[in-house]
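Everything on this sheet refers to the single structure shown next.
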Amino acid sequence: MKRSILPFSVLILCFLSCSPDTKENGNINVSEITPIQATMSTETKSDKKAIYPELAHYIQSLVPAMEEIPENRKELLQEVALFVREKKQSNEPANLTFICTHNSRRSHLSQIWAATAAAYYGLNDGIHTYSGGTETTAFNPRAVAAIERAGFRVNHTKGDNPHYEVRFADEGQVIECFSKKYDDPFNASENFAAIMTCSDADKNCPFIPGASLRLPIPYVDPKEADGTTEEAAVYDERTRQIATEMFYLMSQVKS
Numbered sequence: 300m301k302r303s304i305l306p307f308s309v310l311i312l313c314f315l316s317c318s319p320d321t322k323e324n325g326n327i328n329v330s331e332i333t334p335i336q337a338t339m340s341t342e343t344k345s346d347k348k349a350i351y352p353e354l355a356h357y358i359q360s361l362v363p364a365m366e367e368i369p370e371n372r373k374e375l376l377q378e379v380a381l382f383v384r385e386k387k388q389s390n391e392p393a394n395l396t397f398i399c400t401h402n403s404r405r406s407h408l409s410q411i412w413a414a415t416a417a418a419y420y421g422l423n424d425g426i427h428t429y430s431g432g433t434e435t436t437a438f439n440p441r442a443v444a445a446i447e448r449a450g451f452r453v454n455h456t457k458g459d460n461p462h463y464e465v466r467f468a469d470e471g472q473v474i475e476c477f478s479k480k481y482d483d484p485f486n487a488s489e490n491f492a493a494i495m496t497c498s499d500a501d502k503n504c505p506f507i508p509g510a511s512l513r514l515p516i517p518y519v520d521p522k523e524a525d526g527t528t529e530e531a532a533v534y535d536e537r538t539r540q541i542a543t544e545m546f547y548l549m550s551q552v553k554s
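Residue numbers for the sequence shown follow my numbering, beginning at 300 and rising by one.
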């Protein structure tokens, strides 16, 4: 299996549990450190930024679930982690581009959670996350609603292909999301890891120009539940699966 390097642009801050001592703006006070947060670096613990409380609670529930990831998927995630680690050790940017067909659901969820997980583990410098598709559509509102339910805060423009600003903290980095092809100028053009998040994109794009690593880590499309009574539950399930695996990935970079 190939290995690679990938850059994601990520943000920095800490994820802490709720306590009576919270800030007036609704963010968790960074003075409280839980056992789960003990894996964070000293630099991250001392940072003054704090994520939104609901999102912090959501993240705490992901850490134990990492043990349930199938071994074959862990191996793929470890390949990505190795290349990120090697890039960081070489003081080179690590760029990750998540690719699906329409850049509307799974690739955006992967981009957002990978960036958030990198920040959680104090890997704030040199990691950059991107997403793209084999064609352009729009970041699907159902997927946007799912990340909002997880605790992110989202602003967006109007139009056929809105630009979304996704935040995990008031003072944290803004994750800009909009549908685009994987080779859009907004994304990394060379020396990146191409992570294929859907089987169709993996099949139809056997070669990604500029990628130094290409790995298939596909997810079942939550689109299958659109318009049904199970719609929200399916989107939440896929969001949680992707979040758990991106946190496992970054935990392997940290270890």
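All C-beta atoms in this analysis are idealised placements derived from N, C-alpha and C, irrespective of residue type, glycine included.
PHE451 beta carbon less than 9 Å from that of ARG466:
yes
Distance between GLU385 and MET391 (C-alpha atoms, nearest Å):
Checking the sequence shown, residue 391 turns out to be Glu, not Met. Going by the C-alpha atoms only, they are around 9 Å apart.
Verify whether the separation of the beta carbon atoms of LEU395 and VAL383 is less than 9 Å.
yes
Given this structure, state the Cα-to-Cα distance separating TYR429 from ALA492, to the nearest angstrom.
Rounded to whole angstroms, the separation of the alpha carbons of ALA492 and TYR429 is 10 Å.
CA-to-CA distance, THR528 to VAL552, given in whole angstroms
One C-alpha to the other measures close to 39 Å.
How many whole angstroms separate the CB atoms of ALA437 and ASP459, which I take to be in contact at a CB cut-off of 8 Å?
6 Å
Would you mind giving the Cβ-Cβ distance between GLY425 and ALA380, rounded to the nearest angstrom? I have them listed as a contact below 8 Å.
Going by Cβ atoms, the distance from GLY425 to ALA380 rounds to 14 Å, so no, they are not a contact pair.
Below 6 Å CB to CB, which residues in the same chain sit around ALA444 once its five sequence neighbours on both sides are set aside?
none
Which partner residues does ASN439 have in the DSSP bridge list?
BP columns for ASN439 are empty, so no partner.
For PRO484, which option in GLN472, ASP499, ASP501 and GLY509 has the closest C-alpha, if you only look at C-alpha atoms?
GLY509
According to DSSP, is VAL519 helix, strand or coil?
coil
Return the Cβ separation of ILE474 and ALA416 in integer angstroms, given the expectation that the two are a contact with Cβ distance under 8 Å.
That belief does not hold up - the Cβ atoms of ILE474 and ALA416 are roughly 12 Å apart, past 8 Å.
Just checking my contact of TYR481 with ILE398 at CB under 8 Å: how many whole Å lie between their CB atoms?
5 Å
Specify the secondary structure class of VAL552 as computed by DSSP and reduced to three states.
For VAL552, the secondary structure class from DSSP, reduced to helix, strand or coil, is helix.
Between which residues of its own chain and ILE387 is the CB-CB distance below 7 Å, once the five residues before and five after are set aside?
In the sequence as displayed, the identity of residue 387 is Lys instead of Ile. Taken in chain order, the residues that qualify are ALA393 and GLY425.
Applying the criterion that 16 or more other CB atoms from any shown protein chain within 10 Å of the CB defines a buried residue, is ASP525 buried or exposed?
exposed
Going by DSSP, what residue range makes up the beta strand (DSSP E) through ALA492?
491 to 495
Burial state of ALA349 (16 or more Cβ within 10 Å)
When all chains shown are included, ALA349 counts as buried.
Report the CB separation of ASN402 from SER498 in whole angstroms; it is logged as a contact under 8 Å.
Incorrect: roughly 15 Å between the Cβ atoms, too far for contact.
Measuring alpha carbon to alpha carbon, tell me which residue in ASN503, ARG372 and THR433 is nearest GLN406.
Note that residue 406 is Ser in the sequence shown here, rather than Gln. With distances taken between Cα atoms, SER406 lies closest to THR433.
Residues bridged to GLY431 by DSSP?
According to DSSP, which records beta bridges pairwise, GLY431 is partnered with ILE398.
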